[in-house]
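Chains as they are written, first to last, in my numbering: chain A, 2 to 390; chain B, 2 to 390. Notes to accompany the following structure.
Protein chains: 2
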Amino acid sequence: MRRLLSSMASSSRIVFSQTERAPGVINFAIGTPGPDLIPKKAIDAAFTSAISENQDPLMYQYALSEGTSPFRKSLAKFLTEQNFSYEGGAVQEENLSATFGNSLGLVTVSKLFAKPGDIVVVEDPTYFLAGKMFQDQGLRCVRVGVDEHGLKVDDLEGWLSSTTVRPSLLYSIPRHHNPTSRCLSQDRGDKLIALAEKYGFKIVFDDPYSLLTYSQNVAPPQTRITEHVISLGSFSKILTPGLRLGWMIGGPKTIEKIGTDGALNSGGGPAGVLTEAVRRLIDNGSLNLHLEMLRKELGERHKVLEQAFEEEFGPGVASCRPALGGYFTYASFKEASVTPGFTTAGLRQHCVDTNAGVLFMPVANCAVADPIAEGEGGFGLVPGLVRAR
Amino acid sequence: MRRLLSSMASSSRIVFSQTERAPGVINFAIGTPGPDLIPKKAIDAAFTSAISENQDPLMYQYALSEGTSPFRKSLAKFLTEQNFSYEGGAVQEENLSATFGNSLGLVTVSKLFAKPGDIVVVEDPTYFLAGKMFQDQGLRCVRVGVDEHGLKVDDLEGWLSSTTVRPSLLYSIPRHHNPTSRCLSQDRGDKLIALAEKYGFKIVFDDPYSLLTYSQNVAPPQTRITEHVISLGSFSKILTPGLRLGWMIGGPKTIEKIGTDGALNSGGGPAGVLTEAVRRLIDNGSLNLHLEMLRKELGERHKVLEQAFEEEFGPGVASCRPALGGYFTYASFKEASVTPGFTTAGLRQHCVDTNAGVLFMPVANCAVADPIAEGEGGFGLVPGLVRAR
Chain A
2 MRRLLSSMAS SSRIVFSQTE RAPGVINFAI GTPGPDLIPK KAIDAAFTSA
52 ISENQDPLMY QYALSEGTSP FRKSLAKFLT EQNFSYEGGA VQEENLSATF
102 GNSLGLVTVS KLFAKPGDIV VVEDPTYFLA GKMFQDQGLR CVRVGVDEHG
152 LKVDDLEGWL SSTTVRPSLL YSIPRHHNPT SRCLSQDRGD KLIALAEKYG
202 FKIVFDDPYS LLTYSQNVAP PQTRITEHVI SLGSFSKILT PGLRLGWMIG
252 GPKTIEKIGT DGALNSGGGP AGVLTEAVRR LIDNGSLNLH LEMLRKELGE
302 RHKVLEQAFE EEFGPGVASC RPALGGYFTY ASFKEASVTP GFTTAGLRQH
352 CVDTNAGVLF MPVANCAVAD PIAEGEGGFG LVPGLVRAR
Chain B
2 MRRLLSSMAS SSRIVFSQTE RAPGVINFAI GTPGPDLIPK KAIDAAFTSA
52 ISENQDPLMY QYALSEGTSP FRKSLAKFLT EQNFSYEGGA VQEENLSATF
102 GNSLGLVTVS KLFAKPGDIV VVEDPTYFLA GKMFQDQGLR CVRVGVDEHG
152 LKVDDLEGWL SSTTVRPSLL YSIPRHHNPT SRCLSQDRGD KLIALAEKYG
202 FKIVFDDPYS LLTYSQNVAP PQTRITEHVI SLGSFSKILT PGLRLGWMIG
252 GPKTIEKIGT DGALNSGGGP AGVLTEAVRR LIDNGSLNLH LEMLRKELGE
302 RHKVLEQAFE EEFGPGVASC RPALGGYFTY ASFKEASVTP GFTTAGLRQH
352 CVDTNAGVLF MPVANCAVAD PIAEGEGGFG LVPGLVRAR
């Protein structure tokens, strides 16, 4: 089992263990809701309604790449109510394009807003598959660190002012960061946009976690979206991952450019039956109800995980950073050896504790380009799969 | 209207007119079934069954990028029954990976089997969006002509033996070609595979039309699939386009490499509810029944179109090539001016006849790299939207 999980993790095919369920193993390695957090009945009902109420066979015809007008209208209203905005105003239909989820959305953005060989600035650490996705597109990554307040924008500025290299894209997870759980501060967000304007790069926010702040009382203000920003969001983290349906928010020119993508023009956007079902979940309030439950539940599970770390290892050995939202908990180990078979070195290498049957994501895997992390031996953990006591 | 359609056609956003239905215009420009050829009831029933019979919320969880084992097993059996084979034997589960349709499948293949700057050999003429898709990926196209028997493989061999340039990919529509309607002969197919082995390129067959031969009596033998071939197929042309679900057939090594794609690893494959619904349509025989009807109907509509051309223009002016299957009819005009407002020059430019309210695909649009076709003034036509008399 150890070998299996190790090889799964090293080949990045961790998704497998989630969907096919490796028996006896709790998978903390990917950010996904546990089966008990998927509102199957509500989704079933939305599909049934979409199918029975819509007698037009064109629901099954090629779909507009940006999504139908009714879908985008409902989505725009929902996102505006959830404090998203474009240039300070409401998100409008023309600020939106449907995607096949954030990963395929990122492929489209990388293709259209960068050329092969171009530079993309990536956070360190970042989502463990981000580097592979950019590499597949022929892009080169430059790393900039993150701390308690998100991307170190001063470091970015220092680098930009000292070099003639000009990045095409900057990739950031601005809220409830994967894997550090931190949020980009408002000051830094503003400064980042100023840098994008000055140096002519596009900011790509991979932002599926903004809607998952545990308590709205402590939510940092939403990250700004301007013509220099493309914000990718997804129903994967707020509804269920397997629909492969998300959105991008951007300026009208950005959305228009997305519409020129050859593959999207050729095949069209996500299936009409999916957008019709999700539109119903937005319009009938099911998505809002589910989000309320999900935020509360993820917050409670995060606390359970935090306490378990404290109790199991003691404050001198391991600690979890309190998170304000999202799926990720960042745990640090201060000793080289924690328990027999549960060493930091072992965890770094194998992503799995053989005693506990737990799959982790070592922070070393979240570093682009360099497979060995230089910093502390931290781990990204996902509370979505921990059941509350 | 003329300006609207012209601008739609020139921006390649012809899909729009199909889904949103420009009133009064028959759209012959894209290969898609008319609304009356979409089996909405059967598809509705398959979704309803997938939803009600499957109580496991993991149907909505991240999906395996290659598709679930039951889906691939059913698909392998179906394709084998339809005379597809791999290396002369039955298509097996491990020869298959699910795709989000042929266009996004082509993006994945282009990313993994070619580097930016690499050469891809493309047929001339070819699918009007193929060039844009390769260009978006940073690939460079080299054209090789097609004739009555498909790709001119001797021309390809001549070019390969006279240059040190080595293509990474060859893109071909082997059966019921878009837009010429021709099929690659068996001799040429065999020779093409020999060339791929000798010169080390991968053949990508864009093959959604093989299953649409009007009469199985006249069907040319299926094109061979070996480790040097990736064959892309889709439910878009044989069931309905808006599911965004297709497959690729290839050698086990090829399929394994597809599984290393960063974006597919990250987001997983097509929605489980889609693959579950389509699996049911395969298993319960609905897809086979529909295919039988579709082949017959497309064949009849093709004949209607052929006769209409003969009657309207006369044999001295315009002619349709008889097609053996698929969606495409290739019409040639021998005179520079046919009727007032219906000139070959006008058709080349505008894709639309203002008198008839018909949207065509000028063959000039099907040439990669060179926007003005050098050859005869031919047009790709789609019989799917013509109603039988």
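Cβ coordinates follow ideal geometry from the N, Cα and C atoms, glycine included. In this text, all values refer to a predicted model and were calculated from it rather than measured experimentally.
- Annotation for Tyr172/B: the continuous beta strand (DSSP E) segment containing it runs Leu170 to Ser173.
- A residue is called buried when at least 16 other Cβ atoms come within 10 angstroms of its Cβ; Gln223/A meets this threshold and is buried.
- For Ser86/A, the nearest beta carbon of chain B is not closer than 7 Å to its own beta carbon.
- By the Cβ criterion, the stretch 270-278 of chain A is not in contact with the stretch 110-123 of chain B, since fewer than three pairs of Cβ atoms, one from each stretch, lie closer than 8 Å.
- Apart from the 5 residues on each side of it in sequence, Asn55/A sits with its Cβ closer than 7 Å to the Cβ of Glu277 in its chain, given in chain order.
- The closest CA to that of Leu170/B, considering only Val147/B, Ser232/B, Thr69/B and Asp188/B, is found on Ser232/B.
- Counting the other CB atoms within 10 Å of its CB gives Asn289/A a total below 16, which places it among the exposed residues.
- Contacts between Thr241/A and chain B, judged by CB atoms closer than 8 Å, involve Pro58, Tyr61 and Gln62 in chain order.
- By the Cβ rule, the stretch 236-243 of chain B counts as touching the stretch 31-51 of chain B, because three or more pairs are nearer than 8 Å.
- Chain B has no Cβ within less than 7 Å of the Cβ of Met249/A.
- Around the C-beta of Glu124/A, 16 or more other C-beta atoms lie within 10 Å, and the residue is accordingly described as buried.
- Shown here for Gly326/B: same chain residues with a beta carbon closer than 6 Å to its own, the five before and five after excluded, namely His177, Leu213, Thr214 and Tyr215 in chain order.
- Chain-order list of chain B residues neighbouring Asp137/A: Lys112, Leu113, Asp262, Gly263 and Ala264, by C-beta distance under 8 Å.
- Comparing C-alpha distances from Phe101/B to each of Pro253/B, Thr164/B, Glu95/B and Val110/B shows the shortest one belongs to Val110/B.
- Using a CB distance below 7 Å, the part of the stretch 31-47 of chain B facing chain A consists of Thr33, Pro36, Ile39, Lys41, Ile44 and Asp45, ordered along the chain.
- The C-alpha of Ser75/A is placed about 12 Å away from the C-alpha of Ala99/A.
- Contacts between Gly300/A and chain B, judged by CB atoms closer than 9 Å, are missing: the closest CB pair is about 21 Å apart.
- Nearest CB-CB separation between Ser104/A and chain B: below the 7 Å threshold.
- Within its own chain, the residues whose Cβ lies closer than 8 Å to the Cβ of Glu307/B, once the five positions on either side in sequence are excluded, are Cys321, Pro323 and Thr330, listed in chain order.
- Here Ser186/B is actually not in contact with Asn103/B; their C-beta atoms are around 23 Å apart, not less than 8 Å.
- The beta carbon of Pro271/B sits closer than 6 Å to those of Ala99, Phe101 and Leu246, all from its chain and outside the five residues before and after it, given in chain order.
- Taking a C-beta distance under 7 Å as the contact criterion, Phe48/A and Phe48/B qualify as a contact pair.
- The distance from the Cβ of Asp45/B to that of Ile52/A is about 5 Å, consistent with a contact at the 8 Å cut-off.
- Of the other Cβ atoms in all chains shown, fewer than 16 fall within 10 Å of the Cβ of Pro253/B; this residue is therefore exposed.
- Taking 7 Å as the threshold, the shortest C-beta distance from Leu288/A to chain B does not fall below it.
- Leu152/B is bridged by DSSP to Val147/B.
- DSSP places Cys321/B within a strand segment (E or B) once states are collapsed to three.
- Under the Cβ criterion of 7 Å, Leu233/A is not counted among the residues facing chain B.
- When the Cα atoms are used, Lys133/A and Leu299/A turn out to be separated by approximately 28 Å.
- Within the stretch 167-245 of chain B, complete beta strand (DSSP E) segments of at least 3 residues are found at 170-173, 203-207 and 230-235, given in chain order.
- Under the three-state reduction of DSSP output, Leu107/A falls in the helix class.
- Collapsing the DSSP output to three states places Asn28/B in a strand.
- Within the DSSP bridge table, the entry for Val279/A names no partner.
- His229/A and Ala197/A have their C-alpha atoms some 7 Å from each other.
- In this structure, Leu152/A sits near Ser173/A, with a CB-CB distance shorter than 7 Å.
- Not a single CB atom of chain B sits nearer than 7 Å to the CB of Lys238/A.
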